[in-house]
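Participant: Once you've had a glance at the structure underneath, I'll fire off some questions.
2 protein chains.
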Amino acid sequence: MAPRHQPALDRDRVVAAAFEQLEEDGLEALSMRRLAARLGVQAPALYWHFGDKAELLGLMSARIYAMALAETQGAIDWRGWLVAYGEALRRSFAAHRDGALLCARARPPQAIEPEVQAARLAAPLVALGLDQARALSAQAAVIAFALGWAMYAANGPMRDHLAQMLDFDATFSQGLAALVRGL
Amino acid sequence: MAPRHQPALDRDRVVAAAFEQLEEDGLEALSMRRLAARLGVQAPALYWHFGDKAELLGLMSARIYAMALAETQGAIDWRGWLVAYGEALRRSFAAHRDGALLCARARPPQAIEPEVQAARLAAPLVALGLDQARALSAQAAVIAFALGWAMYAANGPMRDHLAQMLDFDATFSQGLAALVRGL
DNA sequence: ACCTGAACACCGTTCAAGT
DNA sequence: ACCTGAACACCGTTCAAGT
Numbered sequence: 016m017a018p019r020h021q022p023a024l025d026r027d028r029v030v031a032a033a034f035e036q037l038e039e040d041g042l043e044a045l046s047m048r049r050l051a052a053r054l055g056v057q058a059p060a061l062y063w064h065f066g067d068k069a070e071l072l073g074l075m076s077a078r079i080y081a082m083a084l085a086e087t088q089g090a091i092d093w094r095g096w097l098v099a100y101g102e103a104l105r106r107s108f109a110a111h112r113d114g115a116l117l118c119a120r121a122r123p124p125q126a127i128e129p130e131v132q133a134a135r136l137a138a139p140l141v142a143l144g145l146d147q148a149r150a151l152s153a154q155a156a157v158i159a160f161a162l163g164w165a166m167y168a169a170n171g172p173m174r175d176h177l178a179q180m181l182d183f184d185a186t187f188s189q190g191l192a193a194l195v196r197g198l
Numbered sequence: 016m017a018p019r020h021q022p023a024l025d026r027d028r029v030v031a032a033a034f035e036q037l038e039e040d041g042l043e044a045l046s047m048r049r050l051a052a053r054l055g056v057q058a059p060a061l062y063w064h065f066g067d068k069a070e071l072l073g074l075m076s077a078r079i080y081a082m083a084l085a086e087t088q089g090a091i092d093w094r095g096w097l098v099a100y101g102e103a104l105r106r107s108f109a110a111h112r113d114g115a116l117l118c119a120r121a122r123p124p125q126a127i128e129p130e131v132q133a134a135r136l137a138a139p140l141v142a143l144g145l146d147q148a149r150a151l152s153a154q155a156a157v158i159a160f161a162l163g164w165a166m167y168a169a170n171g172p173m174r175d176h177l178a179q180m181l182d183f184d185a186t187f188s189q190g191l192a193a194l195v196r197g198l
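These protein sequence lines are chains C and H, in that order.
The first sequence stops at residue 198 when you use our numbering, and every number in between is there.
The second sequence stops at residue 198 when you use our numbering, and every number in between is there.
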């Protein structure tokens, strides 16, 4: 067997480096060229592994959502699941610089058909007794609230001033609880 | 009196043209150079009227928020005001292509001090009997929900499929009502 | 299969110079 | 006061060519 060269890059290595770059300089500075430089490679090399930059951002955003989903466990009923998921989402968005903005801008990796995707997303809630349509809309509402809050908290007009007047996290939790109670 | 040349540009004309450009090609294509071309001018001319692109985007986002605020009237109590504001925000975000994304990304024009800004924002709710801290946090929650929903609705992973299963606007309204009820 | 070099068509922004 | 011309330091992406 002739020795085969190990490829310098693979998708996981690139995504990991992209998260590092994001942490250090924010979303605006996350360019394909800088990312390539960090990986010791020329920019076009990335296009062997990703169709375009949007695909990379989509994978990063999927990873942020997956992180929240992995933290959501042990719920007894669907309301409990939604609250746990909302809290996990907020932590997940806050865990990476510009995390919410990234998820807002990224087009999700829609490899599979929407029907399958929808069934998969709704599965945890369906297992707890919700029908699929209500599961999807409830989940969408919780994601919207967490996403919007994370963005507001990261960039809001009076963020600093607000932070002196109230507990940001507690207010989020109250809003989330209210939303889920009313669904 | 010697005749004075009318300036070709002013801030309002530029903002109006920017909204046209946004409608036609979306946020990604809203560049200073294209905007200048639409105005029959060279790109650096814009920098006489705006410090940078972020300032222009901030003004656009402020206009979107102001549009919602202007539509919010006739509320009898603070819950009614919040629901009306939330609905108006959703319409306002939807009224311009990439409206929610624009507002999410834009740094707000923070000309005035945060204390004054906070008091001004809270004023309608304070007039209806809420103290300022609760007014600000309630308003933040409603904005977060509307912003997040608009973004999710514009770009969601299963938007098309979801739209077949449920009424998007009705679901938003239910979520908003639930949130406000619980605050 | 995986990456480089060179190029194309763009960006935001600055700044001297024009009027 | 208000705008142009030219330039700087970047972008994402394509594509032939290398190995």
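In this text, a Cβ means the ideal position worked out from N, Cα and C, and glycines have one as well.
1) When you compare the CB of I91/H with every CB in chain C, is at least one pair closer than 8 angstroms?
2) Less than 8 angstroms between the C-beta atoms of M47/C and A58/C, yes or no?
3) What does L194/H touch in chain C if you count any residue whose Cβ is under 8 angstroms from its own?
4) Measure the Cβ-Cβ separation of V98/C and A192/C and say whether it is below 8 angstroms.
5) So, using beta-carbon positions, are A201/H and H176/C closer together than 8 angstroms?
6) Can you tell me whether DSSP reads T87/H as helix, strand or coil?
7) What is the DSSP secondary structure of V29/C, counted as helix, strand or coil?
8) Helix, strand or coil: which one does DSSP assign to V56/C?
9) Whole angstroms are fine: how far does the CA of A32/H sit from the CA of L117/H?
10) Beta carbon of A160/C, beta carbon of F187/H: below 8 angstroms?
11) Assuming Q21/H is part of the alpha helix (DSSP H), what are its boundary residues?
12) Determine the contact status of L24/C and L54/C, defining contact as a CB-CB distance below 8 angstroms.
13) Go to P129/H, then tell me how far its alpha helix (DSSP H) extends in each direction, as first and last residue.
14) Measure the alpha-carbon distance for M16/C versus P22/C and round it to whole angstroms.
15) Where does Q154/C sit, in a helix, a strand or coil, going by DSSP?
16) Using CA atoms only, rank isn't needed, just tell me which of D113/C, Y100/C, M166/C, P129/C is closest to T87/C.
17) With 16 other CB atoms within 10 Å as the buried threshold, where does Y62/H fall?
18) Under 7 angstroms Cβ to Cβ from A51/C, same chain only, skipping five residues before and after it: list those, please.
19) Could you have a look at Q125/H and say whether DSSP puts it in helix, strand or coil?
20) What's the call for I8/C, buried or exposed, on a 16-neighbour Cβ count within 10 Å?
21) Can you grab the Cα-Cα spacing for the pair P18/H / Q147/H, in whole Å?
22) Of the residues V157/H, F65/H, L181/H, L104/H, which one's Cα is nearest the Cα of R149/C?
23) Does the CB of M180/C have a neighbour CB from chain H at under 8 angstroms?
24) Should M166/C be flagged as near chain H, meaning a C-beta pair shorter than 8 angstroms?
25) Rounded to a whole number of angstroms, what is the C-alpha to C-alpha distance between G41/C and D113/C?
26) In three-state DSSP terms, what is H111/C?
27) Starting from R120/H, find everything on chain C with Cβ-Cβ shorter than 7 angstroms and list it in chain order.
28) Is the beta carbon of R28/C sitting closer than 8 angstroms to the one on A69/C?
29) In the DSSP assignment, the alpha helix (DSSP H) including D184/C goes from what residue to what residue?
30) Does DSSP classify F160/H as helix, strand or coil?
31) For a cutoff of 8 angstroms on Cβ pairs, would you count A10/C as touching chain H?
32) When the distance is taken between beta carbons, is G163/H closer than 8 angstroms to G163/C?
33) So that I know if they touch, is there some Cβ in chain H lying closer than 8 angstroms to that of E102/C?
34) Reducing DSSP to helix, strand and coil, say where F65/C ends up.
35) Closer than 8 angstroms, CB to CB, is A17/H near chain C or not?
36) Considering only their Cβ atoms, is the gap separating L145/C from A153/C smaller than 8 angstroms?
Facilitator: Working from what's here:
1) Chain C contact via Cβ: absent.
2) Annotated as proximal: M47/C and A58/C, with beta-carbon spacing under 8 angstroms.
3) Chain C residues near L194/H: F160, G190, A193, L194, G197.
4) Using a Cβ distance threshold of 8 angstroms, V98/C and A192/C count as a contacting pair.
5) In the structure displayed, chain H extends from 16 to 198; residue 201/H sits before or after that span and is not available.
6) Three-state DSSP puts T87/H in coil, outside helix and strand.
7) DSSP, read as helix, strand or coil, puts V29/C in helix.
8) V56/C sits in coil when the DSSP states are folded into three classes, being neither helix nor strand.
9) The straight-line gap from Cα to Cα measures roughly 15 angstroms.
10) Sequence inspection shows Phe at residue 160/C; the Ala mentioned does not correspond to that position. In this structure, F187/H does not lie closer than 8 angstroms to F160/C by Cβ.
11) Segment: none, Q21/H is in no alpha helix (DSSP H) and carries neither H nor E.
12) Going by C-beta atoms, L24/C is nearer than 8 angstroms to L54/C.
13) Per DSSP, P129/H is one residue of the alpha helix (DSSP H) stretching across 129-142.
14) Any answer about M16/C is weak, because its pLDDT of 44 lies below 50 and its placement is not dependable; what the coordinates show is given next. When only Cα atoms are considered, M16/C and P22/C end up about 17 angstroms apart.
15) It is helical.
16) Of the candidates D113/C, Y100/C, M166/C, P129/C, the residue whose Cα lies closest to the Cα of T87/C is Y100/C.
17) Burial call: exposed.
18) Closer than 7 angstroms at Cβ, skipping near neighbours: Q57, A58, A60, L61.
19) It is coil, neither helix nor strand.
20) Residue 8/C cannot be examined here, being either before or after the span of chain C that is shown, 16 to 198.
21) Because the pLDDT at P18/H is just 45, under 50, the model does not fix this residue reliably, and the point stays unresolved.
22) Per the C-alpha coordinates, the member of V157/H, F65/H, L181/H, L104/H positioned closest to R149/C is L181/H.
23) By this cut-off, M180/C is an interface position.
24) Interface residue (Cβ-Cβ distance to chain H less than 8 angstroms): M166/C is classified as such.
25) Near 6 angstroms, if we compare the C-alpha coordinates of D113/C and G41/C.
26) The answer is coil: DSSP assigns H111/C none of H, G, I, E or B.
27) Chain C residues near R120/H: L116.
28) It is not a contact, given that the beta carbons lie outside the stated cut-off.
29) Following the DSSP letters along the chain, one finds D184/C inside the alpha helix (DSSP H) bounded by residues 183-197.
30) In the structure shown, F160/H sits in a helix (DSSP, three-state: H, G or I).
31) Only positions 16 to 198 of chain C appear in this structure, which leaves residue 10/C out of reach.
32) Their beta carbons are under 8 angstroms apart, which means G163/C touches G163/H by this criterion.
33) Under the 8 angstroms criterion on CB atoms, E102/C is classed as non-interfacial with respect to chain H.
34) Coil at F65/C, not helix or strand.
35) Residue placement at A17/H is flagged as unreliable, the pLDDT there being 44, under the threshold of 50; the coordinate-derived value follows with that caveat. A17/H does not count as touching chain C.
36) Contact: yes.
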